[in-house]
Amino acid sequence: ELDQKILGCGDGPASFNATFSRRGGSVLSVDPIYRFTTEEIARRIDKTYDIIMEQTRQNAHEFVWSHIRSPEELGKIRIRAMRDFLADFPGGKDEGRYIPAELPDLPFPDQAFGLALCSHFLFLYSAQLDIRFHLRSLRELCRVARDVRIFPILELGSKRSRHIDEVLAKLSSDGYEVRIERVAYEFQKGGNEMLRLRRTTTGADSDATKAGGLTSS
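So the mapping is simple: the numbering used here equals the position in the sequence shown, first residue as 1, plus 485.
In structure tokens, the structure reads:
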């Protein structure tokens, strides 16, 4: 399945695009930070790194320290990944692999991607981003990709997102194929499930109706 065109949504300064592209994969990442220069992003990373690491230490009880053994090891892994991103970003942006864009409005035609991935953004900030934002974003991802996967379905504090039940009910009733799947990876405690979505013909018709302003939400 990794031989298809992939969209990474809210990828930030992560190394997925760089690593996957080197292996010959076709991946495009979107994030609002890509409107900044490499130097500006690097300064932002340097400014926030110690703060994020201290927050991780304070919340260490929320994580499973098996594959990654400590906050310090996690910090080293993240720094390596961000350096890989920074090295790849200038050329990748010139190649069109990094696009400054954000949910819930993406600058792509319908079904442009085989797979859309969103990691540690949707659901994670459920207290800050309301159910309407989540529904609009998920419908938009289904518009541009045939298969959509969101991981994890936890919000901050390692609690199941307050929006997940309504998302499941609403999108299912709108005709989307919706399911939660267990995954082998678990770093956040309880964070071993992903939401998987596919747009059916009924779901597409529902989106067209909403776009026409005939219904709300």
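By construction, the Cβ of each residue, glycine as well, lies at the ideal position given by its N, Cα and C atoms.
With a CB to CB cut of under 8 Å and the five nearest residues on each side skipped, what residues in its chain are close to A696?
Walking along the sequence shown from the start, residue 696 turns up at place 211. Interpretation of A696 is limited by its pLDDT of 46, a score under 50 that renders its predicted location unreliable; no figure is taken from the coordinates.
What first and last residue would you give for the beta strand (DSSP E) that runs through W660?
Translated into positions along the sequence shown, residue 660 becomes position 175. Looking at the sequence provided, one finds Gly at residue 660 rather than Trp. Per DSSP, G660 belongs to no beta strand (DSSP E) and is neither H nor E.
Suppose only complete runs of 4+ residues qualify. What are the alpha helix (DSSP H) ranges in the segment 545-628, listed by chain order?
556-579
Which of helix, strand or coil does DSSP assign to S514?
To locate residue 514, count along the sequence shown from 1; it is residue 29. Three-state DSSP puts S514 in a strand.
Would you check if there are 3 or more beta carbon pairs closer than 8 Å linking the segment 644-652 to the segment 616-635?
yes
Go to F505, then tell me how far its alpha helix (DSSP H) extends in each direction, as first and last residue.
Position 20 of the sequence shown, counting from 1, holds the residue named residue 505. Taken as a continuous stretch (DSSP letters only), the alpha helix (DSSP H) holding F505 covers 501-507.
Where A669 sits in the DSSP three-state scheme
Indexing the sequence shown from 1 puts residue 669 at position 184. Of the three classes helix, strand and coil, the one that applies to A669 here is coil, per DSSP.
List the whole-angstrom C-beta distance separating L571 from A527, where the pair is believed to meet the contact cut-off of C-beta under 8 Å.
For the purposes of this step, residue 571 is identified with residue 86 of the sequence shown, where counting begins at 1. For the purposes of this step, residue 527 is identified with residue 42 of the sequence shown, where counting begins at 1. That pair is a contact at about 6 Å.
Between A586, R508, N544, which has its C-alpha nearest D488's C-alpha?
Locating residue 488 in the sequence shown gives position 3, where the first residue counts as 1. Taking only the C-alpha atoms, the option nearest D488 is R508.
Using three-state DSSP, classify Q543 as helix, strand or coil.
Here residue 543 refers to the residue found at position 58 of the sequence shown. Reduced to three states, the DSSP call for Q543 is helix.
Under the rule that 16 or more other beta-carbon atoms within 10 Å means buried, what is T700, buried or exposed?
Residue mapping note: residue 700 aligns to position 215 of the sequence shown, counting from 1. Caution is warranted here: a pLDDT of 41 is assigned to T700, below 50, making its placement in the model unreliable, and no coordinate value can be reported.
Taking C-alpha atoms, which residue in Q540, S658, P585 lies nearest to T523?
As a working note, residue 523 is residue 38 in the sequence shown. The candidate whose alpha carbon is nearest that of T523 is P585.
Quick one: what's V652 bridged to in DSSP?
Here residue 652 is taken as the residue at index 167 of the sequence shown, counted from 1. DSSP, once it has assigned bridges, lists no residue as partnering V652.
Using the three-state DSSP reduction, which class does R684 fall into: helix, strand or coil?
As a working note, residue 684 is residue 199 in the sequence shown. Coil, per DSSP.
Looking only at its own chain, which residues have a Cβ that is under 8 Å from the Cβ of F608, when we skip the five neighbours before and after it?
Taking the sequence shown and counting its residues from 1, one reaches residue 608 at position 123. Around F608: H619, I635, P637, I638, L639, E640, S646, H648, I649, L680.
Quick one: using the 10 Å Cβ neighbour count with 16 as the cut-off for buried, is Y583 buried or exposed?
For this step, residue 583 is matched to residue 98 along the sequence shown. Y583 is buried by the Cβ-count criterion.
Inspect the beta-carbon positions of L626 and L656 and report whether they are closer than 9 Å.
Start at 1 with the first residue of the sequence shown, and residue 626 comes out as number 141. Start at 1 with the first residue of the sequence shown, and residue 656 comes out as number 171. Contact: no.
Sort out for me which residues DSSP pairs D632 with in a bridge.
The sequence position of residue 632 within the sequence shown is 147, counting from 1. DSSP, once it has assigned bridges, lists L600 as partnering D632.
C-beta atoms of V512 and G497 nearer than 9 Å:
The residue labelled residue 512 in the question sits at position 27 within the sequence shown. The residue labelled residue 497 in the question sits at position 12 within the sequence shown. No.
Would I491 be called buried (16 or more neighbouring beta carbons within 10 Å of its own) or exposed?
Here residue 491 corresponds to residue number 6 of the sequence shown, with the count starting at 1. By the neighbour-count rule (16 or more Cβ atoms within 10 Å), I491 is buried.
Can you tell me where the beta strand (DSSP E) holding G675 begins and where it ends?
One-based indexing of the sequence shown puts residue 675 at position 190. First-last for G675: undefined, no H or E at that position.
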